[in-house]
Amino acid sequence: MTDRVNFLSFGWKGFEACSPEIDNTLSLFQLREGKMAYGEHRLAEIDEKLLKEAKEEFLLDFQNMTGGSEESSPSELGGAGNPTYPTLAGQYFVLWRELLIRNSHILAVDRIVQKIQESRERYQTVEIATSVPWYVIGAIHSLEASLNFDRHLHNGDPLTDFTIHVPAGRPRRGTPPFRWEESAIDALQYDGLDHVNSWPIERILYALERFNGFGYLKFHPEVRTPYLWSFSNHYTKGKYVADGVWSPDAVSRQCGAAVILKRLVQIGAIEEPPSQSAMPTGEDDGGSADPGVEFLRLASTRIGEEYDLGANVPLDNRRWHGPWDCAEFVSWVVYQTCGRVCGCVDNERPIPQLEPFSGAWYRDAKASNTQLSIADAADTPGSILVRKARPNKIGHVAFSDGNGGTIEAAGAALGVCRRQIEGRIWDAAFEIA
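Numbering-wise, the sequence shown is residues 3 to 435 according to my numbering.
Okay, structure coming up:
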């Protein structure tokens, strides 16, 4: 092309035309979340009229595009001024907690979820290469390519060629036709998701909305993005019907990614992702090498579950969801997080024969070389607090949340919950390093 800029060849999730550079070359930068996919066209002449005409041509061409998510807001999705993860984490936490799938869509959601489960091995292949959870990959695949393995995960373009739409020219390595797995790995790496250290639910939702773009949040905050929330109580209507063309009455026909994940949890296909908002990690990316923080991450996913004094909990069952008693709860979290056996009558017995007991937790606390004062434990995330048994009062074990509170299996009336440390009797505290 020598006399026009073909914006269509560079995609539809946002663009910015810069002034001509050396040798009469125009560089087009497609901004997506602060990353650039770029190409160059030589032009005979550059002026405002040409750019205006080219943009109008792009908008007309967009009307007939296929592939990719229908929820994007193309010309409004520049990378500048995007919200950060810490500013949105609390909002995502509440929205996830209150999410309800609309009954009118449950059968459609189940069909999608079934297909995702059937393709789990393919998603797990990509998970191994990127550390992105397989179910997150499946949700993106549903939104971007309708679960079609002949399409790029980036945007739904055919695997028979490099991507045409933003990000254009992907994957950078290899030659078409591409295998779905290699293209999917490139898509996740392009978005930086392979550098995320851990995946609490807030981080998952942020990554998903960021993958599609923050146009709804930035330009139409009255409507929560259907890319996440369509088919749920959080979304009714309002969407982009073309590049930069907003309709307050149009309704998304795609199932939102958060709805897909919620249904996977409900049917037991995946565990409830932990919550970052409930834990004082002090880290923007939701990850931590501190075992205490990881204890809290897992423990928080069991809040609200049933308590039963003397419950027999299989420590090696990752999918256990109660009932719990206090000692079994703490022993299970510790074993699941770091593979250590603690707080059992005999810590050396085979896993199926282990018997967690508050008295054993007190024994291990007093024998530990990482003992803490109760005051220090209150400020130490994931440290263990123990009350030994007394006449007419059983012993008790809890995690400190590092903010003066606990996560614990508190009793039949409360189940697994958060409580305060102050004003209660504690006899020992220690860290598990």
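A virtual CB, placed ideally from N, CA and C, is assigned to each residue, including glycine.
query: Top-ranked residue by Cα proximity to VAL295, from TYR309, GLU307, GLY306 and SER277; result: SER277
query: Same chain, Cβ closer than 8 angstroms to ARG342, five either side skipped, listed in chain order; result: VAL336 and ILE434
query: Per-residue burial, ALA329 [other beta carbons within 10 Å of its own, 16 or more giving buried]; result: buried
query: Simplified DSSP assignment, three categories, for PHE432; result: strand
query: Unbroken alpha helix (DSSP H) run spanning TYR309, endpoints; result: Unbroken run through TYR309: none, as it is neither H nor E.
query: Segment contact, 8 angstroms Cβ cut-off, at least three pairs: the stretch 401-421 with the stretch 372-389; result: yes
query: Inside the stretch 182-221 only - alpha helix (DSSP H) runs reaching at least 4 residues; result: 182-192, 203-214 and 217-221
query: Separation of VAL128 from VAL111, as counted between CA atoms; result: 23 angstroms
query: Per-residue DSSP class, three states only, for GLU59; result: For GLU59, the predicted structure reports a pLDDT of 41, less than 50, and the residue's modelled location is therefore unreliable. The matter cannot be settled from this model.
query: Short Cβ contact (8 angstroms threshold) for ARG265 with VAL115; result: yes
query: Buried versus exposed, by CB contacts within 10 Å (16 or more), PRO325; result: buried
query: Residue from GLY176, ARG175 and GLY158 with nearest C-alpha to VAL443; result: Any question about residue 443 goes unanswered here, given that the chain covers just 3 to 435.
query: Which listed residue (ALA131, LEU161, GLY407 and TYR309) has its alpha carbon closest to that of ILE187; result: ALA131
query: Reduced DSSP secondary structure (H/G/I, E/B, other) of VAL418; result: strand
query: Minimum Cβ-Cβ distance from PRO354 to chain B less than 8 angstroms; result: In summary, chain B is missing from the structure at hand, where a single protein chain is found.
query: Cβ-based burial, ARG426 [other Cβ within 10 Å; buried from 16]; result: exposed
query: Alpha carbon of LEU374 to alpha carbon of VAL418, nearest angstrom; result: 24 angstroms
query: Alpha carbon of VAL134 to alpha carbon of ARG124, nearest angstrom; result: 13 angstroms
query: Distance CB(PHE331)-CB(CYS346) smaller than 8 angstroms; result: no
query: Own chain, CB closer than 7 angstroms to PRO275, minus 5 neighbours either side, in chain order; result: TRP201, PRO202, ILE203 and ILE206
query: Endpoints, alpha helix (DSSP H) assigned at VAL261; result: 259-268
query: Residue environment, LYS368, which counts as buried when at least 16 other CB atoms sit within 10 Å; result: exposed
query: Run of the alpha helix (DSSP H) containing GLY92, from where it starts to where it stops; result: 87-99
query: Other residues of its chain near PHE164: CB distance less than 7 angstroms, five sequence neighbours each side excluded; result: GLY171, ARG172 and PRO178
query: Integer-rounded CB distance, given that ASP429 should sit under 8 angstroms from LYS395; result: 12 angstroms between Cβ atoms; not a contact.
query: Residues bridged to LYS241 (per DSSP); result: SER249
query: C-alpha distance - GLU308 paired with THR238, whole-angstrom precision; result: 34 angstroms
query: Exposed unless 16 or more other CB atoms sit within 10 angstroms - verdict on THR86; result: exposed
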